[in-house]
Amino acid sequence: MSIEQLAETAQAMVAPGKGIIAIDESTGTIAKRFAGVGVENTEENRRAYRELLLTTPKLSDYISGAILYDETLRQSTKDGVPFAKVMTDAGMIPGIKVDKGAHALAGCPGELVTEGLDGLRTRLEEYYRLGARFAKWRAVINIGDDIPTGTCIDANAHALARYAALCQEQGLVPMVEPEVIMDGSHDIDECFQVTEAVLRSLFASLYDHNVMLEGTILKASMVLPGTTSGEDASVEEVAAATLQCLKSTVPATLTGIVFLSGGQSDEAATAHLDMINRMGPNPWPLSFSYGRAMQQAALKLWSQDIVNNVAAAQQTVYERARDNGLAALGEWQKAA
Numbered sequence: 004m005s006i007e008q009l010a011e012t013a014q015a016m017v018a019p020g021k022g023i024i025a026i027d028e029s030t031g032t033i034a035k036r037f038a039g040v041g042v043e044n045t046e047e048n049r050r051a052y053r054e055l056l057l058t059t060p061k062l063s064d065y066i067s068g069a070i071l072y073d074e075t076l077r078q079s080t081k082d083g084v085p086f087a088k089v090m091t092d093a094g095m096i097p098g099i100k101v102d103k104g105a106h107a108l109a110g111c112p113g114e115l116v117t118e119g120l121d122g123l124r125t126r127l128e129e130y131y132r133l134g135a136r137f138a139k140w141r142a143v144i145n146i147g148d149d150i151p152t153g154t155c156i157d158a159n160a161h162a163l164a165r166y167a168a169l170c171q172e173q174g175l176v177p178m179v180e181p182e183v184i185m186d187g188s189h190d191i192d193e194c195f196q197v198t199e200a201v202l203r204s205l206f207a208s209l210y211d212h213n214v215m216l217e218g219t220i221l222k223a224s225m226v227l228p229g230t231t232s233g234e235d236a237s238v239e240e241v242a243a244a245t246l247q248c249l250k251s252t253v254p255a256t257l258t259g260i261v262f263l264s265g266g267q268s269d270e271a272a273t274a275h276l277d278m279i280n281r282m283g284p285n286p287w288p289l290s291f292s293y294g295r296a297m298q299q300a301a302l303k304l305w306s307q308d309i310v311n312n313v314a315a316a317q318q319t320v321y322e323r324a325r326d327n328g329l330a331a332l333g334e335w336q337k338a339a
């Protein structure tokens, strides 16, 4: 695939007023989500739930694509239509999570590095054949006593860059996700400093590996105080700090940035995205790639009656997509 085609796909992923829904939970992670609402973690229940999400009427009004898990990319609707085809026919772009998760980084206590580069080229070839047109790789950066170290930051940036280069080689747009974890007692200033260091290392590695930024999407953390810091930053403070950090580190040639919700409440994730866009114009489109902040309310409703509550749950998904689509334009209004 040419850089023009990669750029075209990347641009479609961050089209005005549209974002990405993340439904790439591993089997183990979705087991925890299902357990929390009393749903048995069977393959059929996972398939049915993901069909609910992907077949939500008019979802493509506000959703440009979805990140899928390996199992999901291979699944079909109850009528036998592959999910990738369902998405493509509805005008949405199939994506795929390709990393193998974060594991302990040897020699660096309390720090993690994401694995999954071995055999990745072959897996990407197969995912492209199955219909995926973009991929995602998540790095995990913890803030704590004397961490993150430069070793951890650079190891994860290097892995993200190698992954991104392999994606573009196989015709997939890489979504690079260096998540700075909210958990911790750090204040918003320390989050800013860590996020800035992470992004500087990331883009240096992408440059070293000849990754074309015109065909790349950044999935970014917002700059937030830690969950146990006791600090209550305003929506305006979070938006201003996030924008300042991005503008100091991210090249303008990057196609676009989508934010992760990272444990924020549904409303907070939407409010922060909205304020960030109200503070524009910005060098790149700024949209969303939310998982729990898109699904949580719908999952709870569906779990109460997985046969009869599909339509009601889909309406909730649509409303969350609409709210975040408006926030991506800086046009969201909080309900009275």
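Just so we're aligned, residue 4 is where the sequence shown starts under our numbering, counting upward by one.
For every residue, glycine included, the Cβ atom is placed at its ideal position computed from N, Cα and C.
Please read these numbers as outputs of a predicted model, since none were measured by experiment.
Would you report the Cα separation of D102 and R141, rounded to the nearest angstrom?
Counting from 1 along the sequence shown, the entry for residue 102 is found at position 99. Counting from 1 along the sequence shown, the entry for residue 141 is found at position 138. Rounded to the nearest angstrom, the two C-alpha atoms are 7 Å apart.
In angstroms with no decimal places, state the Cα-to-Cα distance between N280 and L332.
Your numbering for residue 280 matches position 277 in the sequence shown. Your numbering for residue 332 matches position 329 in the sequence shown. Taking the straight line from one Cα to the other gives about 6 Å.
Given 8 Å as the limit, is there contact between the segment 51-64 and the segment 314-328, that is, 3 or more CB pairs closer than that?
yes
Nearest-angstrom Cα separation, counted from G20 out to D326:
The residue given as residue 326 occupies position 323 in the sequence shown. The residue given as residue 20 occupies position 17 in the sequence shown. In a straight line, the C-alpha of D326 is about 10 Å away from that of G20.
For V176 and L133, the rounded distance between their alpha carbons:
The count along the sequence shown starts at 1 and reaches residue 133 at position 130. The count along the sequence shown starts at 1 and reaches residue 176 at position 173. C-alpha separation (whole angstroms): 15 Å.
Just the Cα atoms here: how many angstroms apart are H275 and R295?
For the purposes of this step, residue 275 is taken as residue 272 along the sequence shown, with counting starting at 1. For the purposes of this step, residue 295 is taken as residue 292 along the sequence shown, with counting starting at 1. Whole-angstrom Cα-Cα distance: 16 Å.
Where A300 and Y293 are concerned, what is the direct C-alpha to C-alpha distance, given to the nearest angstrom?
Reading the sequence shown from its first residue, position 297 is the one you call residue 300. Reading the sequence shown from its first residue, position 290 is the one you call residue 293. Taking the straight line joining both Cα atoms gives about 13 Å.
Backbone secondary structure at W305 - three-state DSSP
Within the sequence shown, residue 305 is the residue found at index 302, counting from 1. Of the three classes helix, strand and coil, the one that applies to W305 here is helix, per DSSP.
Could you give the DSSP three-state label for I220: helix, strand or coil?
In the sequence shown, counting from the first residue as 1, residue 220 sits at position 217. Per DSSP, reduced to three states, the secondary structure at I220 is strand.
Euclidean distance between Cα positions of G147 and Y65:
In the sequence shown, the residue the question calls residue 147 occupies position 144. In the sequence shown, the residue the question calls residue 65 occupies position 62. C-alpha separation (whole angstroms): 37 Å.
Just reading off the alpha helix (DSSP H) that E193 is part of, what are its end residues?
For the purposes of this step, residue 193 is taken as residue 190 along the sequence shown, with counting starting at 1. Its alpha helix (DSSP H) spans residues I191 to D211.
Quick check: what's the CA-CA separation for A138 versus K100?
Counting from one through the sequence shown, the residue named residue 138 turns up at place 135. Counting from one through the sequence shown, the residue named residue 100 turns up at place 97. Taking the straight line joining both Cα atoms gives about 6 Å.
For S290, which of helix, strand or coil comes out of DSSP?
To locate residue 290, count along the sequence shown from 1; it is residue 287. Looking at S290 - three-state DSSP - the assignment turns out to be strand.
Across which residues does DSSP place V179 in a beta bridge pair?
Residue 179 sits at position 176 when you count from the first residue of the sequence shown. According to DSSP, residue pairing for V179 in a beta bridge involves W140 and L221.
By Cβ distance below 6 Å, which residues in the same chain neighbour A158 in space, the five residues on each side in sequence not counted?
Here residue 158 is taken as the residue at index 155 of the sequence shown, counted from 1. Result list for A158: V116, in chain order.
Return yes when the Cβ of L169 is within less than 8 Å of the Cβ of R124, no when it is not.
Sequence index remark: in the sequence shown, residue 124 carries index 121 (1-based). Sequence index remark: in the sequence shown, residue 169 carries index 166 (1-based). Yes, they are a contact pair.
Close beta carbons around T154, own chain, < 7 Å, minus the five adjacent residues each side:
Here residue 154 is taken as the residue at index 151 of the sequence shown, counted from 1. Hits under 7 Å: C111.
When the distance is taken between beta carbons, is G259 closer than 8 Å to V17?
Looking up residue 17 in the sequence shown gives position 14. Looking up residue 259 in the sequence shown gives position 256. Yes, the Cβ-Cβ distance between V17 and G259 is below 8 Å.
Beta strand (DSSP E) containing K100: first to last residue?
Counted from its first residue, the sequence shown places residue 100 at position 97. Under the DSSP assignment, K100 falls in the beta strand (DSSP E) whose first and last residues are I96 to K100.
In angstroms with no decimal places, state the Cα-to-Cα distance between D92 and Q78.
Reading the sequence shown from its first residue, position 89 is the one you call residue 92. Reading the sequence shown from its first residue, position 75 is the one you call residue 78. The C-alpha of D92 lies about 16 Å from the C-alpha of Q78.
Can you grab the Cα-Cα spacing for the pair R1 / D121, in whole Å?
Summary: the structure shown does not reach residue 1, with the chain confined to residues 4 through 339, and so no result is reported for it.
Extent of the continuous beta strand (DSSP E) to which A135 belongs:
Walking along the sequence shown from the start, residue 135 turns up at place 132. It is not in any beta strand (DSSP E) - A135 carries neither H nor E in the DSSP assignment.
Contact check, E180 vs A10, beta carbons under 8 Å:
Position 177 of the sequence shown, counted from the start, is the residue given in the question as residue 180. Position 7 of the sequence shown, counted from the start, is the residue given in the question as residue 10. No Cβ-Cβ contact shorter than 8 Å links E180 with A10.
Below 6 Å CB to CB, which residues in the same chain sit around R323 once its five sequence neighbours on both sides are set aside?
By one-based count along the sequence shown, residue 323 stands at place 320. Closer than 6 Å at Cβ, skipping near neighbours: M297.
For the structure I just gave you, are there three or more beta carbon pairs, one from the segment 222-236 and one from the segment 188-196, closer than 8 Å?
yes
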